[in-house]
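Numbering (the numbering used here), first residue to last: 1321 to 1398. Here a beta-carbon is modelled for each residue, glycine too, at the ideal position from N, C-alpha and C.
In C-alpha cells form, the structure reads like this:
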C-alpha cells in the first residue's frame, strides 16, 4: 500500500475519540480489568497512550516496508 500521512487534524480526532470512549462504562471495565492483570497502566492517561499506540500508530503490513495501516483501521474499517 501507499504510505499514509496522518495530519494534525486526524491526530486530534483520534485523541478526541479516545477521550470519549474511555469515559464509557465498557471501557472503564476493560481498563480496570487490564490494569488488575498488569497489562495496562493504572492511570487513565497511560491507558489512553496505550490505546493510541495499539489502535492508531501506523505499521507496515506483511510484504511492505512502509507504514500504511493502523490496528483500528484494520479491525474496524477493513
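Residue i versus residue j - alpha carbon distance
| i | j | result |
| --- | --- | --- |
| residue 1277 | residue 1374 | Within the shown structure, residues of the chain are numbered from 1321 to 1398, placing residue 1277 beyond reach of any answer. |
| residue 1352 | residue 1338 | 16 angstroms |
| residue 1350 | residue 1396 | 18 angstroms |
| residue 1344 | residue 1364 | 12 angstroms |
| residue 1327 | residue 1393 | 15 angstroms |
Whole-Å CB distance - residue i paired with residue j, under 8 angstroms assumed
| i | j | result |
| --- | --- | --- |
| residue 1459 | residue 1378 | Residue 1459 cannot be examined here, being either before or after the span of the chain that is shown, 1321 to 1398. |
Beta-carbon proximity of residue i to residue j, cut-off 8 angstroms
| i | j | result |
| --- | --- | --- |
| residue 1342 | residue 1376 | no |
Sheet register partners of residue i (DSSP bridge)
| i | result |
| --- | --- |
| residue 1379 | 1389 |
Residue from the options whose Cα sits closest to the Cα of residue i
| i | options | result |
| --- | --- | --- |
| residue 1369 | 1396, 1327, 1328 and 1334 | 1334 |
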